[in-house]
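S.K.: Each step along the sequence shown adds one to the number in full-length UniProt numbering, with nothing skipped, and position 2 is 2. A virtual CB, placed ideally from N, CA and C, is assigned to each residue, including glycine.
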Amino acid sequence: MSLAALMDLEHHGWKSLSSGTGAEFYGRVMTENAVMTLSQGFVLDRDQVVASLNDAPPWSSYEISEERLVHEGVDSAVLVYRGRAWRGEDEPTFDAWMTSVYVHVDGQWRLASYQQTPAPQG
């Protein structure tokens, strides 16, 4: 899996979070036993992620930078990047380092683990 292909998946995810279709996207892309470790300290399994995204307000815009393919194997890949996202003028900027671990399952790349680490400010 190339960096470009992984970034395409990540952009699809962010676009789904911006359009209100995140629950559908991540419900389809995450493995059955996948987890997301969020910057607020929560660890959610796939079902919890889907449920939480049903009610999540959409992002109005986002940007991705400093992307790196840390590991690329036949059946797995690890992507790290900095993500910034905005919901509205009165909302603080979400700024974090993201790590996405993908595995190849039944001919498709699926998200097995995702972690957010708040980016240092200043």
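1. My output table needs one value for GLY88: the three-state DSSP class, helix, strand or coil.
2. Ends of the alpha helix (DSSP H) at GLN40?
3. Starting from the Cα of THR31, find the closest Cα among GLY41, ASP47 and LEU38 and give me that residue.
4. On the premise that ALA56 lies in contact with GLY22, defined as a C-beta separation below 8 Å, what is that separation, rounded to the nearest angstrom?
5. With the cut-off set at 9 Å, would you say VAL101 and ALA119 are in Cβ contact?
6. On a Cα-Cα basis, can you pick out the residue from TRP97, HIS12 and HIS104 that is closest to THR37?
7. Helix, strand or coil for SER16 per DSSP?
8. Do you know whose CA, among SER61, ASP95, GLY73 and SER113, lies nearest GLY83's CA?
9. For GLU16, count the other beta carbons within 10 Å of its own beta carbon; 16 or more makes it buried, fewer makes it exposed. Which is it?
M.R.: Reading off the structure:
1. Of the three classes helix, strand and coil, the one that applies to GLY88 here is coil, per DSSP.
2. Note, GLN40: premise wrong, no alpha helix (DSSP H); not H, not E.
3. When each option's Cα is compared against that of THR31, the closest is ASP47.
4. Your pair GLY22 and ALA56 checks out as a contact, with CB atoms roughly 6 Å apart and the cut at 8 Å.
5. Going by beta carbons, VAL101 and ALA119 fall outside the 9 Å limit.
6. Checked all of TRP97, HIS12 and HIS104; the closest Cα to THR37 is TRP97.
7. Judged by DSSP in its simplified three-state form, SER16 adopts helix.
8. The residue among SER61, ASP95, GLY73 and SER113 with its C-alpha nearest the C-alpha of GLY83 is ASP95.
9. The sequence as given places Ser at residue 16; Glu does not occur at that position. SER16 comes out buried.
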